[in-house]
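*Asks:* Heads up, the sequence shown is in UniProt numbering, so the first residue is 1 and it goes up one at a time. We treat Cβ as the ideally placed atom computed from N, Cα and C, and that holds for glycine. All values reported here derive from a predicted model rather than from experimental measurement. Handing you this structure, nothing more for now.
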Amino acid sequence: MRKERSFLSYRLLINNSTFLLLSTLFLFFSSSQVIASIGFANTTGGDGGTVYTVTTLEDADPAPNGSLRKAVEASGKRKIIFAVSGWIDLVKTLSISNPEITINGNTAPNKGIGLRTKVNFPNNTPLVKVNTNDVIIQYIRLRPGTRGYSVDVDNYSSPGFHETDAILVCGGCDGSKAENIWLDHIDASAGNDGNVEIWGGALGVNNVTVSNSYIFQSPRYSTHSNVWVWNGYHWVSTFSHSMGSLVGYGAYNISFINNVFAHNGDRLPLFQDSWNIELINNLIYNTINSTMKLSIAGQVAGDPSGEWKVNMIGNRILNNGLNTNQSTGNTPRYILFSQSSSFNIFLKNNISQHRPNNSLPDSDAYYPGSSGTLVGSAHNFNIPESETVVLDTDEKVISLLNSTGVTLPETDILHDQIRQDIINALAGNPTGTVIDNITDSDYPNLDLTSVAPTLTSAATSISTSGIYKPTVKLTQTTTGQTFVETGQENLEAKVAEFSGSATAGAKIKIIITNTDGIRIPGITTTNDNGTWSWKPPYILSAGEYTATFTAQDKKGNTGTTTLDFTVDEKGESKVTQVTQEETEKIIEEETIVVRVKNFFEIIIESVKVIPFR
Numbered sequence: 001m002r003k004e005r006s007f008l009s010y011r012l013l014i015n016n017s018t019f020l021l022l023s024t025l026f027l028f029f030s031s032s033q034v035i036a037s038i039g040f041a042n043t044t045g046g047d048g049g050t051v052y053t054v055t056t057l058e059d060a061d062p063a064p065n066g067s068l069r070k071a072v073e074a075s076g077k078r079k080i081i082f083a084v085s086g087w088i089d090l091v092k093t094l095s096i097s098n099p100e101i102t103i104n105g106n107t108a109p110n111k112g113i114g115l116r117t118k119v120n121f122p123n124n125t126p127l128v129k130v131n132t133n134d135v136i137i138q139y140i141r142l143r144p145g146t147r148g149y150s151v152d153v154d155n156y157s158s159p160g161f162h163e164t165d166a167i168l169v170c171g172g173c174d175g176s177k178a179e180n181i182w183l184d185h186i187d188a189s190a191g192n193d194g195n196v197e198i199w200g201g202a203l204g205v206n207n208v209t210v211s212n213s214y215i216f217q218s219p220r221y222s223t224h225s226n227v228w229v230w231n232g233y234h235w236v237s238t239f240s241h242s243m244g245s246l247v248g249y250g251a252y253n254i255s256f257i258n259n260v261f262a263h264n265g266d267r268l269p270l271f272q273d274s275w276n277i278e279l280i281n282n283l284i285y286n287t288i289n290s291t292m293k294l295s296i297a298g299q300v301a302g303d304p305s306g307e308w309k310v311n312m313i314g315n316r317i318l319n320n321g322l323n324t325n326q327s328t329g330n331t332p333r334y335i336l337f338s339q340s341s342s343f344n345i346f347l348k349n350n351i352s353q354h355r356p357n358n359s360l361p362d363s364d365a366y367y368p369g370s371s372g373t374l375v376g377s378a379h380n381f382n383i384p385e386s387e388t389v390v391l392d393t394d395e396k397v398i399s400l401l402n403s404t405g406v407t408l409p410e411t412d413i414l415h416d417q418i419r420q421d422i423i424n425a426l427a428g429n430p431t432g433t434v435i436d437n438i439t440d441s442d443y444p445n446l447d448l449t450s451v452a453p454t455l456t457s458a459a460t461s462i463s464t465s466g467i468y469k470p471t472v473k474l475t476q477t478t479t480g481q482t483f484v485e486t487g488q489e490n491l492e493a494k495v496a497e498f499s500g501s502a503t504a505g506a507k508i509k510i511i512i513t514n515t516d517g518i519r520i521p522g523i524t525t526t527n528d529n530g531t532w533s534w535k536p537p538y539i540l541s542a543g544e545y546t547a548t549f550t551a552q553d554k555k556g557n558t559g560t561t562t563l564d565f566t567v568d569e570k571g572e573s574k575v576t577q578v579t580q581e582e583t584e585k586i587i588e589e590e591t592i593v594v595r596v597k598n599f600f601e602i603i604i605e606s607v608k609v610i611p612f613r
């Protein structure tokens with residue numbers, strides 16, 4: 001304990017480079033919206049306009065009063081908030097065609113709002129389409145799926161094809177140009193054609209930012225027509241169509257910032273015939289074919305300047321290859337693949353399998369078969385290199401995971417599973433997969449009014465006290481003296497373990513918080529006997545904690561229990577009786593311990609041990 005030590009604590013005078021790092025961490029971790037708002041999408045949307053409150057989950061054509069569709073179809077500057085929670089089953093594409101609109105899903109109660117297709121949703125149309133200017137969409141789940149559609153493998157005339165993007169930003173789709181679009185804190189998944197598509201179209205798309213979002217689980221073998229081939233007897237799946245994000249056909253001034261791409265096969269993103277591109281601090285986890293890709297197909301006149309500029313800073317690939325088809329080559333091991341020599345690309349601080357740390361040349365993250373030109377300085381876009389973060393530590397990746405996607409009003413169990421897959425990968429145990437299809441059971445319950453399952457026992461914590469190393473080291477001892485060896489921080493502390501029971505097959509969502517507000521998420525599933533156990537991905541530091549455990553059964557019913565516990569990473573003090581007659585004096589030791597507190601406060605402790613003479 002500290003009463004056996006003399007201490008001197010003082011603040012470290014931070015040099016300029018350290019201050020820059022800490023300032024960057026503050027910008028990244030505590031105010032991600034500031035970064036997104038200075039991307040290419042410079043818009044306030046419908047802020048300051050008429051406020052529309054969504055009071056029903058119903059959707060129809062024509063739009064019912066109080067519905068999301070009714071508010072979206074209104075004209076004039078407007079802001080949409082929610083008094084209800086749950087899934088809105090769209091009967092057709094939700095078209096945002098009137099400008100100056102903000103949709104704030106974080107205003108909903110319970111777990112918030114999700115959009116999905118109603119059974120027999122029209123084929124070959126997106127779930128949500130944006131084809132106007134000055135649009136902000138925040139904290140909305142977009143998960144179309146294939147509801148009501150399936151491929152009848154033995155019926156040549158009716159295979160049941162269904163191709164839907166989760167969201168499409170399109171210029172000229174309905175005679176309007178699309179510009180100043182900000183998609184922020186969305187969960188986009190289960191798009192049969194792709195999750196996020198930005199397509200220039202006849203009139204063009206520009207000034208678009210996609211930020212702080214989860215883009216995940218586009219299915220491989222669902223109902224996209226490119227997947228299926230008739231072999232003369234029945235339909236067979238021959239091609240994977242799991243696509244994350246496509247940007248093309250003359251789209252320009254495009255920013256992807258602080259996003260998590262997980263369990264997608266390809267296009268992360270693919271930029272085709274697009275220019276002035278920012279890719280900043282994005283994480284890619286588990287892809288099949290390739291990661292970020294640049295190409296020119298010649299479908300449009302192209303960049304009038306002829307420069308085709310790209311900034312790619314602080315991105316990371318993690319554990320690609322869980323589902324890799326080896327015939328596709330090595331591209332998933334690199335952060336970028338360029339198929340055209342026209343692109344002028346600035347690469348900095350990107351982490352990949354072939355560039356695992358920043359001691360290696362930046363070009364090592366670039367696929368060697370690429371044909372673009374690497375330039376030595378960043379293009380003058382929106383986010384200077386000095387304001388980016390290198391995703392080179394587990395802590396930075398976990399902070400990104402905790403601050404992105406639909407985090408307000410609350411994450412859902414599917415989002416939490418994606419996050420836990422990546423946390424598991426950081427701990428050396430990657431989990432999750434690129435899914436084949438979507439079923440109705442793959443939609444988390446967003447409304448918590450149903451009956452809760454019983455948790456038959458509260459979670460329990462295993463003690464984290466472990467082996468300690470004495471601070472005082474003795475060379476020889478003197479007669480009759482007693483020495484107190486003070487335990488210091490554990491060298492072999494045990495990882496906390498929690499266990500309990502709930503309905504068999506239920507998902508258990510875990511959130512551990514301490515008094516500093518640090519959140520550690522986790523997720524597991526009960527076994528056939530209804531029991532479960534879980535360990536955090538790393539050793540907990542000393543302090544007071546509260547753990548919240550939420551069980552959700554297959555019908556979406558939920559129940560919650562909590563546990564308060566303490567972690568003490570100090571060993572017990574030990575008394576040693578000395579009996580040897582003669583000794584030399586004990587060697588005096590001094591130990592310096594450097595602690596970083598909340599990224600911003602660096603404290604140095606000088607620990608001086610005074611030996612007995």
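1) Starting from E410 and walking both ways along the alpha helix (DSSP H), at which residues does that stretch end?
2) What are the partner residues of C170, as DSSP defines its beta bridges?
3) Since I512 contacts I523 with CB under 8 angstroms, what's their CB separation in whole angstroms?
4) Give every residue of the same chain whose Cβ lies closer than 8 angstroms to the Cβ of A365, excluding the five residues on either side of it in the sequence, and list them in chain order.
5) State the DSSP-derived secondary structure class of L68, mapped to helix, strand or coil.
6) Any contact of the segment 95 to 108 with the segment 55 to 65, i.e. 3+ C-beta pairs under 8 angstroms?
7) Which residues in the same chain have their Cβ closer than 7 angstroms to the Cβ of D394, if we skip the five residues on either side of it in sequence?
8) Taking the C-alpha atoms as reference points, what is the distance between N106 and I257?
9) If we call anything under 7 angstroms between Cβ atoms a contact, is N253 one with N276?
10) Pairs of beta-carbons, one from the segment 43 to 53 and one from the segment 76 to 86, closer than 8 angstroms: are there three or more?
11) What would DSSP say about K396, mapped onto helix, strand or coil?
12) To which residues of the same chain is Q417 closer than 7 angstroms at the C-beta, ignoring the five residues directly before and after it?
13) Give the secondary structure of D364 by DSSP, where H, G and I count as helix, E and B as strand, and everything else as coil.
14) Does the beta carbon of T44 sit closer than 7 angstroms to a beta carbon anywhere in chain C?
15) Taking the alpha-carbon positions, what's the T550 to I186 distance?
16) What do you get for N358, buried or exposed, if any count of 16 or more other CB atoms within 10 angstroms of its CB means buried?
17) Which residue comes first and which comes last in the beta strand (DSSP E) that contains L268?
18) Could you please give the first and the last residue of the uninterrupted beta strand (DSSP E) stretch that includes L183?
19) Determine the direct distance from the alpha carbon of N212 to that of L279, and round the result to whole angstroms.
20) Quick check on the DSSP output: the beta strand (DSSP E) that includes A63 runs from which residue to which?
21) Could you tell me whether the segment 286 to 305 touches the segment 374 to 390, using the rule of 3 or more Cβ pairs below 8 angstroms?
22) Please determine, among M312, H263, N124, G500, the residue with the shortest C-alpha to C-alpha distance to A547.
23) Mapping DSSP to helix, strand and coil, what is S305?
24) Suppose contacts are defined by Cβ-Cβ distances below 7 angstroms. Is I313 in contact with T404 by that definition?
25) Using a Cβ-Cβ cut-off of 6 angstroms (strictly less than) and excluding sequence neighbours within five positions of L57, which residues of its own chain qualify?
26) Use the C-beta contact count for R316: other C-beta atoms within 10 angstroms, 16 or more gives buried, fewer gives exposed.
27) Distance, Cα to Cα, A60 vs V91?
28) If you draw a straight line from the C-alpha of L203 to the C-alpha of A251, how long is it?
29) Per the DSSP calculation, F346 is bridged to which residue(s)?
30) Under three-state DSSP, which class holds T107?
31) Can you name the start and end residues of the beta strand (DSSP E) that V54 belongs to?
32) Can you tell me whether N286 is buried or exposed, with buried defined as 16 or more other CB within 10 angstroms of its CB?
33) How many whole angstroms separate the CB atoms of P444 and P109, which I take to be in contact at a CB cut-off of 8 angstroms?
34) With 16 as the cutoff for other CB atoms within 10 Å, does L455 come out buried or exposed?
35) To which residues of the same chain is E179 closer than 6 angstroms at the C-beta, ignoring the five residues directly before and after it?
36) With C-beta atoms as the reference, is G114 less than 7 angstroms away from R141?
*Replies:* From the atom records:
1) Within the sequence shown, residue 410 is the residue found at index 410, counting from 1. It is not in any alpha helix (DSSP H) - E410 carries neither H nor E in the DSSP assignment.
2) As a working mapping, residue 170 is identified with position 170 in the sequence shown. Answer is W199, bridged to C170.
3) Translated into positions along the sequence shown, residue 512 becomes position 512. Translated into positions along the sequence shown, residue 523 becomes position 523. Actually they are not in contact, since the Cβ atoms of I512 and I523 sit about 12 angstroms apart, beyond 8 angstroms.
4) As a position in the sequence shown, residue 365 is number 365, starting the count at 1. Closer than 8 angstroms at the Cβ level, and outside the excluded window around A365, lie Y334, I335, L336, L347, N350, I351, S352, H354, R355.
5) Position 68 of the sequence shown, counting from 1, holds the residue named residue 68. Three-state result, L68: helix.
6) By the Cβ test, the segment 95 to 108 is not in contact with the segment 55 to 65, since fewer than three Cβ pairs between them sit closer than 8 angstroms.
7) Within the sequence shown, the letter at position 394 stands for residue 394. Here the set comprises L426.
8) Position 106 of the sequence shown, counted from the first residue, corresponds to residue 106. Position 257 of the sequence shown, counted from the first residue, corresponds to residue 257. Roughly 20 angstroms separates the two Cα atoms.
9) For this step, residue 253 is matched to residue 253 along the sequence shown. For this step, residue 276 is matched to residue 276 along the sequence shown. Yes, the pair counts as a contact, with Cβ atoms nearer than the cut-off.
10) yes
11) Reading the sequence shown from its first residue, position 396 is the one you call residue 396. In the three-state DSSP reduction, K396 falls in the helix class (H, G or I).
12) Numbered from 1 along the sequence shown, position 417 holds the residue referred to as residue 417. Correct list, in chain order: I523.
13) Within the sequence shown, numbered from 1, the residue matching residue 364 stands at position 364. Three-state result, D364: helix.
14) Judged by its chain identifiers, the structure shown contains no chain C, having just a single protein chain.
15) As a working note, residue 550 is residue 550 in the sequence shown. As a working note, residue 186 is residue 186 in the sequence shown. Each residue's alpha carbon lies about 23 angstroms from the other.
16) Working through the sequence shown from its first residue, we reach residue 358 at position 358. Burial call: exposed.
17) Indexing the sequence shown from 1 puts residue 268 at position 268. No beta strand (DSSP E) contains L268, which DSSP labels as neither H nor E.
18) Stepping through the sequence shown from its first residue, residue 183 is reached at position 183. Unbroken beta strand (DSSP E) run through L183: 178 to 184.
19) As a first step, residue 279 is located in the sequence shown; it is residue number 279 there, counting from the start. As a first step, residue 212 is located in the sequence shown; it is residue number 212 there, counting from the start. Taking the CA atoms as reference points, L279 sits about 12 angstroms from N212.
20) Counted from its first residue, the sequence shown places residue 63 at position 63. Careful: A63 lies outside any beta strand (DSSP E) and carries neither H nor E.
21) A contact is defined here as three or more CB-CB pairs under 8 angstroms, and the segment 286 to 305 fails this definition with respect to the segment 374 to 390.
22) Taking the first residue of the sequence shown as position 1, residue 547 is located at position 547. It is G500.
23) Your numbering for residue 305 matches position 305 in the sequence shown. Of the three classes helix, strand and coil, the one that applies to S305 here is coil, per DSSP.
24) Working through the sequence shown from its first residue, we reach residue 313 at position 313. Working through the sequence shown from its first residue, we reach residue 404 at position 404. Taking 7 angstroms as the Cβ cut-off, I313 and T404 do not qualify as a contacting pair.
25) Numbered from its first residue, the sequence shown carries residue 57 at position 57. Answer for L57: V84, G86, I88, listed in chain order.
26) As a first step, residue 316 must be located in the sequence shown, where it is residue number 316. Classification for R316: buried.
27) Here residue 60 is taken as the residue at index 60 of the sequence shown, counted from 1. Here residue 91 is taken as the residue at index 91 of the sequence shown, counted from 1. Straight-line Cα distance between these residues: approximately 6 angstroms.
28) Translated into positions along the sequence shown, residue 203 becomes position 203. Translated into positions along the sequence shown, residue 251 becomes position 251. Roughly 10 angstroms between the two C-alpha positions.
29) Counting from one through the sequence shown, the residue named residue 346 turns up at place 346. According to DSSP, F346 bridges with N311.
30) To locate residue 107, count along the sequence shown from 1; it is residue 107. Correct three-state label for T107: helix.
31) In the sequence shown, residue 54 corresponds to position 54, counting from 1. Element bounds for V54: 50 to 54.
32) For the purposes of this step, residue 286 is taken as the residue at position 286 of the sequence shown. Label assigned to N286: buried.
33) Translated into positions along the sequence shown, residue 444 becomes position 444. Translated into positions along the sequence shown, residue 109 becomes position 109. Not confirmed; about 15 angstroms, so no contact.
34) What you label residue 455 is simply residue 455 of the sequence shown in a count that begins at 1. Here the model assigns L455 a pLDDT of 37, short of 50, so the residue's position is not dependable and the matter cannot be decided.
35) One-based indexing of the sequence shown puts residue 179 at position 179. Around E179, the same chain offers N133, N206, N207 as residues with beta carbons nearer than 6 angstroms, after the five sequence neighbours per side are excluded.
36) Here residue 114 corresponds to residue number 114 of the sequence shown, with the count starting at 1. Here residue 141 corresponds to residue number 141 of the sequence shown, with the count starting at 1. Yes, they are a contact pair.
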